[in-house]
Amino acid sequence: MRLIYRALFKQLMQSAARSHRLAGRPALAGYAFDHITLKMHIDGRFAYRELDALEHQLFPKLAADTVCLDIGANIGNHAVNFADHFHHVHAFEPNRKALDLLEINARLRPNITVHSVGLSDHRHTLSAVQPEGNLGGTGASASGSASDQRVELPLVPLDGVDLALGGRAISFVKIDVEGFEAEVIRGAAQTLTTHRPVIGMEVDRRSVNGGSSPALAAALELGYTHMYAMRRGGRARFRAVSNAVERNYPMLLLSTVPLEFEER
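For the sequence shown, UniProt numbering begins at 1 and goes up steadily by one.
In structure tokens:
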């Protein structure tokens with residue numbers, strides 16, 4: 001029976017690989033047995049629903065000659081996909097283990113710059129837990145076990161980073177930093193006020209209280225008054241919401257101006 005399951009699994013994986021290659025998915029390097037890598041093998045890319053919604057609904061509204069920031073880039077799954085839609089992508093990642101693969105994967109696109117730091121509201125080093133089998137879950141609030149590692153993450157404010165934009169505008173900022181989103185926004189206040197990019201942010205249900213969260217409140221102070229959540233189930237698309245409810249948002253869009261999203 002085990003041999004039958006093995007043969008079946010091998011056939012399914014080979015079929016999936018052919019399908020992903022035909023779809024033009026980038027062949028990213030990943031760590032065996034890690035959560036993100038497993039999802040890439042199955043779906044062609046990690047967070048495929050979020051990327052699909054961004055590529056079909058949001059990115060066509062943004063100028064192609066603008067800049068994207070990927071804050072919490074991990075191994076580069078999002079950055080490499082973003083690079084096809086923007087003039088340049090700046091990818092920020094402080095975790096050395098993720099950074100090793102991010103630097104390799106960034107070579108797939110000539111318009112990605114890798115920054116070996118994370119972002120916060122002041123310069124410091126954060127001691128974080130790196131869960132075994134889930135590199136993307138590394139963070140100060142991660143629940144550790146005996147097999148997990150503790151890592152030191154160098155963090156700086158975005159407003160102190162020279163991005164060498166060459167006069168180009170930043171039109172989109174993705175933030176996925178495992179509970180440190182508010183600090184990132186506060187440390188990027190000047191940049192966000194100047195460029196007014198759309199923010200795509202992960203929001204954990206544990207941070208939501210009374211329709212908001214520390215990160216959402218920080219963005220609201222900078223004029224981000226419009227919020228769009230991904231529809232749960234069905235087609236991947238965004239819809240306007242007036243406040244956040246107590247659930248996980250893998251991608252919540254924040255904007256200083258209204259965004260019109262058509263049904264697909």
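By construction, the Cβ of each residue, glycine as well, lies at the ideal position given by its N, Cα and C atoms.
Item                                                                                                                : Value
Collapsed DSSP secondary structure at residue 208 in the structure displayed                                        : coil
Assigned exposure category for residue 96 - 16 Cβ within 10 Å defines buried                                        : exposed
Burial state of residue 186 (16 or more Cβ within 10 Å)                                                             : buried
The segment 173-190 contacting the segment 68-77, beta-carbon criterion three pairs below 8 Å                       : yes
Helix, strand or coil at residue 139 [DSSP, three-state]                                                            : strand
Rounded straight-line distance, which links the Cα of residue 91 to that of residue 192                             : 16 Å
DSSP state of residue 92 mapped onto helix, strand, coil                                                            : strand
DSSP beta-bridge partners of residue 239                                                                            : 229
Same chain, Cβ closer than 8 Å to residue 89, five either side skipped, listed in chain order                       : 67, 68, 69, 70, 79, 82, 83, 109, 111, 112 and 113
Collapsed DSSP secondary structure at residue 171 in the structure displayed                                        : strand
Member of 105, 127, 122 and 42 whose CA lies at the smallest distance from the CA of residue 11                     : 42
Sequence-distant residues of the same chain with beta carbon closer than 6 Å to residue 197, five excluded per side : 170, 171, 172 and 173
Separation of residue 127 from residue 230, as counted between CA atoms                                             : 32 Å
Residue 114: first and last residue of the uninterrupted beta strand (DSSP E) it sits in                            : 112-115
Limits of the alpha helix (DSSP H) - the one that residue 202 falls within                                          : Segment 198-203 is the beta strand (DSSP E) holding residue 202; no alpha helix (DSSP H) there.
Residue 218 and residue 203 closer than 8 Å at C-beta                                                               : no
Three-state secondary structure (DSSP) of residue 184                                                               : helix
Buried versus exposed, by CB contacts within 10 Å (16 or more), residue 228                                         : buried
Opposing strand residues paired with residue 118 [DSSP bridges]                                                     : 155
Sub-8 Å separation of residue 261 and residue 232 beta-carbons                                                      : no
Rounded C-alpha distance that separates residue 181 from residue 99                                                 : 19 Å
Check whether residue 64 and residue 87 have beta carbons under 8 Å apart                                           : yes
CB of residue 184 within 8 Å of CB of residue 115, strictly                                                         : no
Continuous beta strand (DSSP E) stretch holding residue 124: start and end                                          : 124-130
Exposure label - residue 207; buried when at least 16 CB within 10 Å                                                : buried
7 Å CB neighbourhood of residue 247 in its chain, flanking five on each side removed                                : 205
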